[in-house]
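Sequences listed follow chains A and B, in order.
With this note's numbering applied, the first sequence covers 1 to 160.
With this note's numbering applied, the second sequence covers 161 to 320.
There are 2 protein chains.
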Amino acid sequence: MISEQTASMEDYLEAIAKLREEEPEVRVTQISKRLGVKKPSVTAALHKLSEDGLVQHPRYGTVELTRQGQRIAGEVMRRHEVLFRFLSEILGIDQGIAQEDACNMEHLLSPTSLEKLAKFVEFVLTCPKGEPAWLEAFTYYFEHGERDQEIVARCLGEES
Amino acid sequence: MISEQTASMEDYLEAIAKLREEEPEVRVTQISKRLGVKKPSVTAALHKLSEDGLVQHPRYGTVELTRQGQRIAGEVMRRHEVLFRFLSEILGIDQGIAQEDACNMEHLLSPTSLEKLAKFVEFVLTCPKGEPAWLEAFTYYFEHGERDQEIVARCLGEES
DNA sequence: GTAAATAGTTAGCCGTGTCTAACATTTTAA
DNA sequence: TTAAAATGTTAGACACGGCTAACTATTTAC
């Protein structure tokens, strides 16, 4: 079966893809360190991913993603990226926490929500004149617990 | 240990709390139907939750949340609510999908992100004159793939 | 070229959460 | 009031994903 990877298997694919970007060879030890799991867990995971046709991994050898594996890893990374940017750049959450939350949620976001969220982030961050005023207004609101009256006035005034 | 419920355990607590709101008595069968799992799974889960002091459940009897259980269930429901409103009311995602995604992610959102997101939703949806213009602009952008020029003009014009 | 260090695997365990099949209890209704 | 239906539990299995201990293979350095 190809469909329905568990969250963890996606984590492995993602880790392998990222390591591959950094180094020419990916080995069990690297994956182990990156994910913070012991080496036997990596071996077991690679075994499973091999069965599913997502990685190639000769005994005692280096790890390569198959085309399928690359595709899935790419999707996971995209979900991560979108979530991370939303959390950090729009909500203004600390990058460390944003990374963590993105890591946790990246396996669960539906395609529908992903696309909407991606567009939303894009929409906000590519505003013709930099960040829109309301984002600044949100920061104020978050920090002070109430609206900045000047911005409210503008908001009301712009009603067509 | 009280800390660190798995996602599933939180699902059970949430289901019990919701059922409790609807009916005076909560039984294994109801939980089973609501979560789409078989009854032995419910029994097993209740056993574990009992051990953790989160539910009370006499053999063959009805299920009650302890104070602790209620507290955790409340937190889960809050996370669900915030995520759901963000997805459905701000991103405009179909309610069914929004419920599903909220269900999946509600166990993973950090407190920091939760509070930020909650404020964000509140900020957007309590705009003094109903939904702000940019939300409408986002819908347009999502549907047409480009900005509504009139709204862009307004956005640029409002720069102080 | 061989011994030590490093890398990787296997075997076997644990905890979580699910299932089915079989059994026990409680409720309902004839 | 007792037989049938509904409800709930236990036992035993499985998949996932993690761990340690012990083993094997490969690499490095002397």
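Beta carbons: idealized from backbone N, C-alpha and C, even for Gly.
Coil, strand or helix - residue i by DSSP
i, result
"B/L173", "helix"
"B/A281", "In the sequence on display, residue 281 of chain B carries Val and not Ala. Helix."
"A/E64", "strand"
"A/V28", "helix"
"B/S163", "Model confidence at B/S163 stands at a pLDDT of 38, short of 50, so the residue's coordinates are unreliable and nothing is read from them."
"A/E158", "In this prediction, A/E158 has a pLDDT of 45, which is less than 50 and means its spatial position is unreliable; nothing more can be read from the coordinates."
Within chain B, the residues that residue i reaches when beta carbons sit closer than 7 Å
i, result
"A/M9", "Simply none; closest approach about 17 Å."
First through last residue of the alpha helix (DSSP H) which encompasses residue i
i, result
"A/G74", "67-85"
"A/C103", "95-105"
"B/E211", "199-211"
Within chain A, the residues that residue i reaches when beta carbons sit closer than 7 Å
i, result
"B/L277", "L91"
"B/T203", "Neighbours of B/T203 on chain A: none; closest Cβ ~25 Å, over 7 Å."
Chain-ordered chain A contacts of residue i [CB-CB under 9 Å]
i, result
"B/L269", "D101, N104, M105"
"B/T189", "Going along chain A, no residue has its Cβ under 9 Å from B/T189, so there is no contact; the nearest lies around 28 Å."
Proximity test, residue i beta-carbon vs the ligand MN heavy atom, cut-off 7 Å
i, result
"B/M169", "Although the ligand MN was asked about, the structure shown includes no ligands whatsoever."
Neighbouring residues, chain A, relative to residue i (Cβ below 8 Å)
i, result
"B/S123", "The question about residue 123 of chain B has no answer, for chain B in this structure spans 161 to 320."
According to a CB-to-CB cut-off of less than 9 Å, which residues of the segment 85-101 of chain A neighbour chain B? L87, I90, L91, G92, I93, D94, I97, A98, E100, D101
Within 7 Å of chain B by C-beta, residues of the segment 135-150 of chain A in sequence order: F138, Y141, F142
For the segment 214-227 of chain B, which residues have a beta carbon sitting closer than 7 Å to at least one beta carbon of chain A? none
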